[in-house]
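The numbering used here puts the first residue of the sequence shown at 731, with every later residue one more than the last.
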Amino acid sequence: HKDVQSAQVKEHRTAVLDFIEDYLKRVCKLYSEQRAIRVKRVIDKKRL
Numbered sequence: 731h732k733d734v735q736s737a738q739v740k741e742h743r744t745a746v747l748d749f750i751e752d753y754l755k756r757v758c759k760l761y762s763e764q765r766a767i768r769v770k771r772v773i774d775k776k777r778l
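Written out as structure tokens, the structure is:
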């Protein structure tokens, strides 16, 4: 019974870690896209 529980805990942790990793990747992607847009705007303003 204990083995089953620890296996479930391990599975749960893995799932949580996967979720967090996925979330962080998405946030980083969004962040870098936003930054790229901002940089582009600044460059466009300097050109005008």
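The beta carbon of each residue, even a glycine, is placed where N, CA and C say it ideally should be.
CA-to-CA distance, residue j to residue i, given in whole angstroms
i: residue 736; j: residue 771; result: 52 Å
i: residue 733; j: residue 745; result: 18 Å
i: residue 756; j: residue 776; result: 30 Å
i: residue 774; j: residue 739; result: 52 Å
i: residue 759; j: residue 748; result: 17 Å
As assigned by DSSP and simplified to three states, the class of residue i
i: residue 742; result: helix
i: residue 760; result: helix
i: residue 747; result: helix
i: residue 778; result: coil
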